[in-house]
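Residue numbers (the working numbering), protein chains in the order written: chain A, 1274 to 1408; chain H, 2 to 170.
The C-beta atom is built at its ideal place from N, Cα and C for all residues, glycine as well.
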Amino acid sequence: TVGAVALDVQGRLAAATSTGGRAGKWPGRIGDSPLIGAGTWADERCAVSATGHGEYFIRAAVAHDIAARLAYAGQTLAEAADSVVHGTLPALGGSGGVIAVDADGRVAMPFNSAGMYRAMIDGTGRRELALYRDD
Amino acid sequence: MTIAFAVHGGAGPVQNAERDPERDTALRAGLAAALDAGYRILHEGGSALDAVTTAVALLEDDPLFNAGRGADFTLDGRVELEAAVMDGHSRAAGAVTGVSIARNPVRLARRVMEATPCVMLGFAAADAFARTEGLECEPPQYFFTEARWQALQREKARLADGPAGAGHG
């Protein structure tokens, strides 16, 4: 699975996700990537793209849950993304992670698997690129 | 004004013993290319929607990543590609699933968002829409990579030894 999230100069947020699914998946199986609110979401507060075991991301409505935590609970992007990826998902048995950006240019990239291929340039210009947990 | 951009190329249970330095270098190069392409669009005043679409299309074209070319295979050895795009400003969204011919499913998802009243199109309808829209289409062999084919064979062997239904999500 691959994905991207962005904040542009006009303050607009967007997210995109694309995947081949899982090796040996059942023909006709649909994962979380194309399901708006599960693997992909963007609103006026944040944009989210997910990667991992899709069925769990669907059950947890991961991408929208992160956005909802910003809207209704007043959490920061990092708090919301961490709560879902390190709390909700593993409680259900799901592994994977997300990339997310908020309207202030903050970026969060939490994951609960051994690795997540990821890269970002946040609103301060800080650049990061890593593959594994210990990178 | 602030701009920000991030990309991912998938998550998984890769352990230290499985790491290949040459492959890691190529993965880093692919991620960096997607990051730089998207960020350049934003830096030049382009839209967040164009930035994410361009970056994801680049990763779809890279056979190292599980999307587009380089996608995993279904149990019967075909590709069924999925993609979505969403614009936070307008809440417009487009998605495709079960796509088998579009070189860049993310561009197809964006056309669903921009040119139809639908949010998602699937399978034969999505393939037909790709042709109607004149998007780049590819034959099945374009999506074949040896690494993904071997992954399917390993998964089939694992399923033969495991409980019924395991591994299908």
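Worksheet item: Which term fits L1404/A, buried or exposed, when burial requires 16 or more other beta carbons within 10 angstroms of its beta carbon?
Response: buried
### Message
Looking at the strands, I want to know which residues DSSP matches up with C1319/A.
### Response
D1375/A
DSSP has W1314/A in a bridge; who is on the other side? V1321/A
Q. So, are the CB atoms of G31/H and F6/H less than 8 Å apart?
A. no
Where F1330/A and A96/H are concerned, what is the direct C-alpha to C-alpha distance, given to the nearest angstrom?
-> 16 Å
With distances taken from CA atoms, which of A93/H, V100/H, S91/H and R92/H is nearest F74/H?
V100/H
Use the C-beta contact count for R1391/A: other C-beta atoms within 10 angstroms, 16 or more gives buried, fewer gives exposed.
-> buried
- prompt: So, using beta-carbon positions, are A72/H and R149/H closer together than 8 Å?
  reply: yes
Distance, P1307/A Cα to A1333/A Cα: 15 Å
Specify the secondary structure class of M114/H as computed by DSSP and reduced to three states. helix
Less than 8 Å between the beta carbons of A116/H and L109/H, yes or no?
no
Notebook entry, point to check: Within 10 angstroms of its Cβ, does A58/H collect 16 or more other Cβ (buried), or is it exposed?
Noted result: buried
Next item on the list: Ignore the nearest five residues each way along the sequence and tell me which others in V1374/A's own chain have a CB closer than 6 Å to its CB.
Entry: V1278, L1280, A1320 and V1380
- Are the C-beta of A1364/A and some C-beta of chain H separated by less than 8 Å? no
Under 8 Å, with one C-beta from each stretch per pair, do the region 17 to 26 of chain H and the region 1337 to 1351 of chain A reach the 3-pair mark? no
Do you know whose CA, among T3/H, R20/H and L76/H, lies nearest D1408/A's CA? R20/H
Contact check, S1386/A vs G13/H, beta carbons under 8 Å: yes
Could you pull out every residue in the same chain whose Cβ sits closer than 6 Å to the Cβ of V1282/A, ignoring the five residues on either side in sequence?
none
Give me the subset of the region 1363 to 1384 of chain A whose CB atoms are less than 9 Å from a CB atom of chain H, sorted by chain position. S1368, G1369, G1370, V1371, I1372, A1373, V1374, D1375, A1376, D1377, G1378, R1379, V1380, A1381, M1382 and F1384
| task | Report yes or no: is there a C-beta of chain A within less than 8 Å of the C-beta of H169/H? | result | Here the model assigns H169/H a pLDDT of 38, short of 50, so the residue's position is not dependable and the matter cannot be decided.
Use the C-beta contact count for E83/H: other C-beta atoms within 10 angstroms, 16 or more gives buried, fewer gives exposed. buried
Check: Tell me the DSSP bridge mates of S1291/A?
Finding: V1275/A and A84/H
So with CB distances below 8 Å, who are the chain H contacts of D1355/A?
Neighbours of D1355/A on chain H: none; closest Cβ ~15 Å, over 8 Å.
Residue-level contact to chain A via CB, F130/H, 8 Å cutoff: no
task = For M1382/A, count neighbouring C-beta atoms within 10 Å of its own C-beta (all shown protein chains included) and say buried if the count is 16 or more, exposed if not.
result = buried
- Is it true that the CB of S1291/A sits closer than 8 Å to the CB of V113/H? no
Do W1314/A and A1288/A have their C-beta atoms within less than 8 Å of each other? yes
Proximal residues, the region 5 to 33 of chain H versus chain B, C-beta separation under 7 Å
Among the protein chains in the structure shown, which are A and H, there is no chain B.
From this set, I1303/A, D1338/A, D1377/A and G1327/A, which residue's C-alpha is nearest T98/H's C-alpha?
I1303/A
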